[in-house]
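To start, the structure itself, in structure tokens.
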Amino acid sequence: MDNQQKKHGALLKFVPRPDRPPITITYGPVGWLKKNLFGNLWNSLLTITVFFLLFLLLKPFLEWTLFKAVWSASTRRECLSISPDGACWAGIFPWVNNLLYGLYPDALQWRVNLAFAIGLLWFVPLALKKVQQKILFALMGVMLFPFLANYLFLGGDRSSVHYIVACSALAYLLTLYINIILTYLNGKRLEQHLETFMERFSKKRAALLGHSTIWFFLTVVIAYVFKDQALEHVGVDAWGGLFLTLIISGVSIVMALPIGIILALGRRSEMPIIKWFSISTIEVVRSVPMITVLFMSVTMLPLFFPNTMELNKLVQVLVAVCLFAGAYMAETVRGGLQAISRGQYDAAKSLGLGYWRTMIFIILPQALRIMIPNIVTSFISLFKDTTLVSIIGLFDIMLMARNISIDKNWLGLHTEPLVAISVLFFVFCYSMSEYSQRLEKKLNTNR
Amino acid sequence: MESTSTNPRTKPERTAIEITGMNKWYDKFHVLKDISLSVTEKEIIVVCGPSGSGKSTLIRCINQLEQYQEGTISLFGEKLEKNKKGANLVRDNVGMLFQNFNLFPHLTILENCTLGPIWLHKIPEHLAIEQSTALLNRVGIAELASKYPGQVSGGQQQRVAIARSLAMKPKIMLFDEPTSALDPEMIKEVLDVMIDLAHSGMTMICVTHEMQFAQQVADRVVFMADGEIVEEGPPEQVLKDPKWDRTSLFLQHILSH
């Protein structure tokens, strides 16, 4: 100030600036409330009315689920005597184990847990940044893991081939993890240690040979270590609950995409037999309700096989659900294929790429990317549709929940189990949808 | 610039493309009428004419992107059959550029270039990357190698497309209006690459309306109208002294623009 006054030569008279109006807070939760809900009288009235109506609506629901609910009781009668208007959650707890594992023996449930844990382990590396060849080991997982899981779930005397494949799955996962750890420690990958040795046999495929050798070696070791470990047999009849639901939906979700892609490509094929086969499969399966397909698979399929052959109900159901899911997926994939411009085909053809390479490298990656939302929608509805298998007597989570109401202690307890599994389904489906949105965002950054 | 007779490039007498009596119909519409055209190796041909005259269809037929009902096409004396052998013949000899670039949007620029060499020529990946980087350098966009096609300008995309075609080491390049989807200021950068290519001895057939380019490098200009070759000859004759009214009318439209 002083300097300025000296520059001007004369003293400037101080004139106070007029006061500014007080700041209205427009940030933070309070500001947001003020701005959006209580901006003026009319808005305030509206807000209060709406909140009052919401309260009226939610009050009975909250009372039923929380405030008047009974959390511990030994029978439904006891529940009702404590609080007749509340939910009887006490009935769910004794059944939790059955809801999760069905009739799988308690003492052997660690096998289910172990298999699911291994399955999860297989897919964790997909989220890691430094890991390469993700598609390869996802594919290996899809091909090998079912054998391992089936071996653990089923137990009993399996063929030696089955045992070896299960061991090789474990060995593959082990090499995968060792390699990942080595990559993060900036060390040499396993096969790179063997590379100089392997180059004697083949220069080009040294890495592949090295990896296969280690994999084979580990398989033998694992097979030897576990050779005396007999697993008790647990028949498919005992499988149930969320465990069974996850098996059915998992298998059908994994199989739906390849079946759908093949049918979609077949439908667009110029070869008449393939084309008409695909069209008729898609149209017939799509035009029939899923329940009838399920019933037919259980009642009709055995008619086509010799009497002596005993078919596994679960396998029959899996075939039916996969076919059904594949036919729906085919139309979704076809939508994506049609969105790809003709120029892409022209460019691929003039580069000299043949049909399969054009599809695998150029068309399908783009088509599937466009269709991610639709594909995930199909997956979600497929996941929920698998509850229909309860109708043909597989004890999936739905049938287990329905069974609570005929337990003599909890006779007539219909609503609570359904609400409980609804919450469970919501968690699963919502995470699928969240994952798909993250995937979309990640892939769209490349465009 | 003014005359091709002073062009220093030596021309062996080998015929690169020989088209005889080609006819094509879309249903009843006669798109190509009795086309016969012979292109010697290292010759630069510019095809022009009003839209709908069948220029694009002609070069798409040479690349086997379209089928034709009558006539034959031979590449270096070998007749082009409509089977796998013919497809291989085209693949080994011909590269093509499109009006809309048609790059693969889900692959990086480098991956666009290396895809063909790796999977069709079975070249080891590091070698393919080396070669493609050299080609991208040649068309002046080596620094964009790791970007995606959607992140670069139209002119740059078309230059990537040129590099992608060159990676397959074609002897003949076909250009289907390579600059007509571009903003004016980007046309020059693409034409420069094409001129460079012409000077390097590539056999080229260009469907284009860039008459400057035709005058500068073309050995012959072919004028097409209504599915027929109306006029063909050295650029100075066709462009400056056309024999046919259609040609002069068309040229007036283009040049006055």
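Chains as they are written, first to last, in our numbering: chain A, -9 to 437; chain B, 751 to 1007. We put the beta carbon where it would ideally sit given N, CA and C, even for glycine.
Note to self: So that I know if they touch, is there some Cβ in chain B lying closer than 8 Å to that of Q328 of chain A?
What the structure shows: Taking the first residue of the first sequence as 1, we reach residue 328 of chain A at position 338. So no, Q328 of chain A is outside the interface.
Checklist line | DSSP state of K829 of chain B mapped onto helix, strand, coil | finding: Counted from its first residue, the second sequence places residue 829 of chain B at position 79. K829 of chain B falls in the strand class under three-state DSSP.
Check: Going by DSSP, what residues sit across from C78 of chain A in a beta bridge?
Finding: Counting from one through the first sequence, the residue named residue 78 of chain A turns up at place 88. Beta-bridge pairing links C78 of chain A to A:V60.
Check: Grouping DSSP H, G and I as helix and E and B as strand, with all else coil, what is A931 of chain B?
Finding: What you label residue 931 of chain B is simply residue 181 of the second sequence in a count that begins at 1. In the structure shown, A931 of chain B sits in coil (DSSP, three-state: anything other than H, G, I, E or B).
Note to self: Any beta carbon from chain B within less than 8 Å of D336 of chain A's own beta carbon?
What the structure shows: For this step, residue 336 of chain A is matched to residue 346 along the first sequence. Output row for D336 of chain A: interface = yes.
Checklist line | Chain-ordered neighbours of W869 of chain B on chain A, where CB pairs are closer than 8 Å | finding: If you number the second sequence from 1, residue 869 of chain B lands on position 119. Chain A residues near W869 of chain B: L343, R347 and F351.
Notebook entry, point to check: According to the neighbour-count rule (16 or more other Cβ atoms, all chains shown, within 10 Å of its Cβ), is A159 of chain A buried or exposed?
Noted result: Locating residue 159 of chain A in the first sequence gives position 169, where the first residue counts as 1. Flag for A159 of chain A reads buried.
Checklist line | Candidates A:I360, A:G109, A:E53 and A:S149: closest to Y162 of chain A by CA position | finding: Reading the first sequence from its first residue, position 172 is the one you call residue 162 of chain A. Measuring from the Cα of Y162 of chain A, the nearest candidate turns out to be A:G109.
Item checked: Residue environment, G146 of chain A, which counts as buried when at least 16 other CB atoms sit within 10 Å -> In the first sequence, the residue the question calls residue 146 of chain A occupies position 156. Flag for G146 of chain A reads exposed.
Note to self: So, under 8 Å CB-CB, N103 of chain A and D96 of chain A are touching, yes? Tell me the CB distance rounded to an integer number of Å.
What the structure shows: Taking the first sequence and counting its residues from 1, the one referred to as residue 103 of chain A is at position 113. Taking the first sequence and counting its residues from 1, the one referred to as residue 96 of chain A is at position 106. Incorrect: roughly 12 Å between the Cβ atoms, too far for contact.
Check: When burial is assigned at 16 or more other CB atoms within 10 Å of the CB, is Q219 of chain A buried or exposed?
Finding: Here residue 219 of chain A refers to the residue found at position 229 of the first sequence. When all chains shown are included, Q219 of chain A counts as exposed.
Note to self: Is G333 of chain A close to chain B? Criterion is C-beta to C-beta, closer than 8 Å.
What the structure shows: Within the first sequence, the letter at position 343 stands for residue 333 of chain A. Yes, G333 of chain A counts as interfacial toward chain B.
Checklist line | A975 of chain B (DSSP reduced to helix, strand or coil) | finding: The residue labelled residue 975 of chain B in the question sits at position 225 within the second sequence. Of the three classes helix, strand and coil, the one that applies to A975 of chain B here is strand, per DSSP.
Next item on the list: Name the two residues that bound the continuous beta strand (DSSP E) containing T271 of chain A.
Entry: As a position in the first sequence, residue 271 of chain A is number 281, starting the count at 1. Element bounds for T271 of chain A: not the beta strand (DSSP E) but the alpha helix (DSSP H), P262 to R276.
Margin query: Report the CB separation of V781 of chain B from T807 of chain B in whole angstroms; it is logged as a contact under 8 Å.
Written below: On the second sequence, residue 781 of chain B is found 31 positions in, with the first residue counted as 1. On the second sequence, residue 807 of chain B is found 57 positions in, with the first residue counted as 1. Yes, V781 of chain B and T807 of chain B are in contact; Cβ-Cβ is about 5 Å, under 8 Å.
Notebook entry, point to check: Who are the neighbours of N852 of chain B on chain A, taking C-beta pairs under 7 Å?
Noted result: In the second sequence, residue 852 of chain B corresponds to position 102, counting from 1. In chain order: G333, Q334, D336 and A337.
Next item on the list: May I ask you to verify whether the segment 822 to 830 of chain B touches the segment 982 to 1002 of chain B, counting CB pairs closer than 8 Å and requiring at least 3?
Entry: no
Next item on the list: Use the C-beta contact count for T756 of chain B: other C-beta atoms within 10 angstroms, 16 or more gives buried, fewer gives exposed.
Entry: The sequence position of residue 756 of chain B within the second sequence is 6, counting from 1. Caution is warranted here: a pLDDT of 44 is assigned to T756 of chain B, below 50, making its placement in the model unreliable, and the coordinate value is therefore given only provisionally. Flag for T756 of chain B reads exposed.
Margin query: I want to see whether chain B comes within less than 8 Å of Q356 of chain A, judged by CB atoms only; does it?
Written below: As a position in the first sequence, residue 356 of chain A is number 366, starting the count at 1. True, the Cβ-Cβ gap to chain B drops below 8 Å.
Check: Tell me, which residues are paired with N773 of chain B by DSSP?
Finding: For the purposes of this step, residue 773 of chain B is taken as residue 23 along the second sequence, with counting starting at 1. B:E820.
Next item on the list: Quick one: grab the DSSP three-state call for R148 of chain A.
Entry: Counted from its first residue, the first sequence places residue 148 of chain A at position 158. It is coil, neither helix nor strand.
Next item on the list: Please specify which runs of the beta strand (DSSP E), each continuous and at least 3 residues long, are wholly inside the segment 894 to 962 of chain B, giving them in chain order.
Entry: 922 to 926 and 953 to 957
Item checked: Element boundaries [alpha helix (DSSP H), containing M319 of chain A] -> For this step, residue 319 of chain A is matched to residue 329 along the first sequence. K303 to Q328 is the extent of the alpha helix (DSSP H) around M319 of chain A.
Next item on the list: Starting from C863 of chain B, follow its DSSP beta bridges and name the residues at the other end.
Entry: Numbered from its first residue, the second sequence carries residue 863 of chain B at position 113. DSSP, once it has assigned bridges, lists no residue as partnering C863 of chain B.
Notebook entry, point to check: Considering only the beta carbon of each residue, do F914 of chain B and C863 of chain B sit closer than 8 Å?
Noted result: By one-based count along the second sequence, residue 914 of chain B stands at place 164. By one-based count along the second sequence, residue 863 of chain B stands at place 113. It is worth fixing the name first, because residue 914 of chain B is Arg in this sequence and not Phe. Yes.
Notebook entry, point to check: So what's D995 of chain B in DSSP terms, helix, strand or just coil?
Noted result: Taking the first residue of the second sequence as 1, we reach residue 995 of chain B at position 245. Reduced to three states, the DSSP call for D995 of chain B is helix.
Item checked: Proximity test, Cβ basis, 8 Å: F826 of chain B and chain A -> For the purposes of this step, residue 826 of chain B is taken as the residue at position 76 of the second sequence. No, F826 of chain B lies away from the interface with chain A (no Cβ there is under 8 Å from its Cβ).
Item checked: L142 of chain A and R101 of chain A closer than 8 Å at C-beta -> Counted from its first residue, the first sequence places residue 142 of chain A at position 152. Counted from its first residue, the first sequence places residue 101 of chain A at position 111. A contact, by the Cβ cut-off of 8 Å.
Notebook entry, point to check: If we count Cβ pairs, one from each stretch, closer than 8 Å, do we get three or more for the segment 949 to 967 of chain B versus the segment 921 to 934 of chain B?
Noted result: yes
Margin query: Any beta carbon of chain A sitting closer than 8 Å to that of R841 of chain B?
Written below: Stepping through the second sequence from its first residue, residue 841 of chain B is reached at position 91. By this cut-off, R841 of chain B is an interface position.
Notebook entry, point to check: Grouping DSSP H, G and I as helix and E and B as strand, with all else coil, what is L401 of chain A?
Noted result: Against the first sequence, residue 401 of chain A aligns to sequence position 411. In the structure shown, L401 of chain A sits in coil (DSSP, three-state: anything other than H, G, I, E or B).
Next item on the list: Check the DSSP bridge columns for S788 of chain B and list the partner residues they point to.
Entry: As a first step, residue 788 of chain B is located in the second sequence; it is residue number 38 there, counting from the start. S788 of chain B pairs with B:E768.
Note to self: Since T271 of chain A and A317 of chain A should fall inside the 8 Å C-beta cutoff, what is the C-beta to C-beta distance between them, to a whole number of angstroms?
What the structure shows: The count along the first sequence starts at 1 and reaches residue 271 of chain A at position 281. The count along the first sequence starts at 1 and reaches residue 317 of chain A at position 327. That belief holds up - the Cβ atoms of T271 of chain A and A317 of chain A are roughly 6 Å apart, short of 8 Å.
Margin query: Does H876 of chain B pass the burial test, meaning 16 or more other C-beta atoms within 10 Å, or should it be called exposed?
Written below: Numbered from 1 along the second sequence, position 126 holds the residue referred to as residue 876 of chain B. Exposed, since its Cβ has fewer than 16 Cβ neighbours within 10 Å.
Next item on the list: Have a look at A:V114, A:L414, A:E424 and A:I381 and flag the residue whose alpha-carbon is nearest the alpha-carbon of K303 of chain A.
Entry: On the first sequence, residue 303 of chain A is found 313 positions in, with the first residue counted as 1. Out of A:V114, A:L414, A:E424 and A:I381, A:I381 has the C-alpha closest to the C-alpha of K303 of chain A.
Checklist line | CB contact check: S421 of chain A to chain B, cutoff 8 Å | finding: Taking the first residue of the first sequence as position 1, residue 421 of chain A is located at position 431. No - not a single Cβ of chain B is within 8 Å of the one on S421 of chain A.
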